[in-house]
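By this note's numbering, the letter at position 105 of the sequence shown is numbered 128, and the numbering carries on one by one without gaps. Cβ coordinates follow ideal geometry from the N, Cα and C atoms, glycine included. Predicted model, so just to flag it, every value in this text is computed and none were measured. Structure, as C-alpha cells:
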Amino acid sequence: MIQFQNLLWFLELSQPYSPAPCMVLIHSNSTVLALGDPLPSFSLPATDGTTVDSSLIRDPVLAVIFTCNHCPYAQAYEDRLVDLANHFDQEGVQVVLVNSNDAVNYPEDSFESMQRKHDKNAYPFPYCFDESQSVAKAYGALCTPHCFVFDSERVLRYKGRIDNNWEDPSAVTERNLQDALQALVEGHEVEVKEANAIGCSIKWK
Numbered sequence: 024m025i026q027f028q029n030l031l032w033f034l035e036l037s038q039p040y041s042p043a044p045c046m047v048l049i050h051s052n053s054t055v056l057a058l059g060d061p062l063p064s065f066s067l068p069a070t071d072g073t074t075v076d077s078s079l080i081r082d083p084v085l086a087v088i089f090t091c092n093h094c095p096y097a098q099a100y101e102d103r104l105v106d107l108a109n110h111f112d113q114e115g116v117q118v119v120l121v122n123s124n125d126a127v128n129y130p131e132d133s134f135e136s137m138q139r140k141h142d143k144n145a146y147p148f149p150y151c152f153d154e155s156q157s158v159a160k161a162y163g164a165l166c167t168p169h170c171f172v173f174d175s176e177r178v179l180r181y182k183g184r185i186d187n188n189w190e191d192p193s194a195v196t197e198r199n200l201q202d203a204l205q206a207l208v209e210g211h212e213v214e215v216k217e218a219n220a221i222g223c224s225i226k227w228k
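What follows is the structure, given as C-alpha cells:
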C-alpha cells in the first residue's frame, strides 16, 4: 500500500475524442492499493434507499467499481456491467458501483441523477454515492471506470479496466474483469492481476 504525500500525475485518456493522452490526478491524500492489500471498508448510501456496508457483504467475491453518470467511458460500460452482474448473479459475486465525483461542479453526477440512472438502467447492483470522496481516496481510484476485485478473505486480487475496448463490445478480446471474477468463483488464481484503467478522471473537490 503506497501513501501519496504530494500530487502525482498519471498518463491516462480522459477525453474520448482527443488523440493525445491527458493527465489524471491522484488526490494528495489518496492511498494506492497494491495487490494483496485488504479491502478498505466503507458504508455508503445507495440509490435504492439502502446503505451499503462492506462489512455486511457475505458474497465470496466483491467487485468495487468506481464510475459516474457523465463520463462517456462509464456510459459505454453500463450495459456490459449489467450483463456481467446478471451472469454472476448465482455465482457468489457482488458488484458495487461507487460514484465519487464532485456533484457541485458536475451536477450530472448528483445523487438524484444517480437515482434516475439506476432506475433507467434497472441496475441489479447497488449504486453508491461517495460524497466525501473518502472511499475513492482510500482505494486510489484514478478514473471512471476503475475496478477493484476482492476474494473471500477480502484481499485485492485484481485492479484495473473492465476490458480492452470501451468503444465496441464486439471487438473486445480481453475481458479482464470477467476473467478475474470467473477465476475467483472457480477457486483459481487470477492470471492477469492488473490492467491499466482507462477513463475520465475522478473529479476531485
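7 Å Cβ shell around residue i - same chain, five flanking residues per side excluded
i, result
"F65", "S77, V158"
"E212", "A206"
"Q138", "T70"
"K232", "In the structure displayed, the chain extends from 24 to 228; residue 232 sits before or after that span and is not available."
"A99", "W189, E190"
Residue i, DSSP secondary structure in three states
i, result
"F134", "helix"
"N144", "helix"
"H110", "helix"
"N237", "Lying before the first or after the last residue shown, residue 237 is absent from the chain, which here runs from 24 to 228."
"L79", "helix"
"K160", "helix"
"N199", "helix"
"A194", "helix"
"A99", "helix"
"V87", "strand"
"L120", "strand"
"L58", "coil"
"R180", "strand"
"V213", "coil"
"L67", "strand"
"V172", "strand"
Beta-carbon proximity check, residue i vs residue j, cutoff 9 Å
i, j, result
"V172", "Y146", "no"
"F111", "C170", "no"
"A97", "P168", "yes"
"L58", "E217", "yes"
"A220", "C166", "yes"
"P83", "D174", "yes"
"L225", "S123", "Position check: residue 225 holds Ile in this sequence, whereas Leu was assumed. Yes, these two residues count as a Cβ contact at 9 Å."
"E101", "V208", "no"
"T54", "K160", "yes"
Contacting residues, own chain, Cβ-Cβ under 6 Å from residue i (five flanking each side not counted)
i, result
"D56", "The residue asked about is misnamed: residue 56 is Leu in this sequence, not Asp. These residues qualify, in order along the chain: Y162, G163, L179."
"E131", "N92, H93"
"P149", "A69, V75, V119"
"S136", "N92"
Beta-carbon contacts of residue i that lie in its chain and below 8 Å, excluding the five residues immediately before and after
i, result
"V215", "Y181, E197, N199, D202, A203"
"V195", "D186, N187, N188"
"L67", "T74, V75, V121, C151, F152, D153, V158"
Any non-hydrogen atom of the ligand NAP within 8 Å of residue i CB
i, result
"E101", "Judged by which ligands are present, the structure shown has none, so any question about the ligand NAP falls away."
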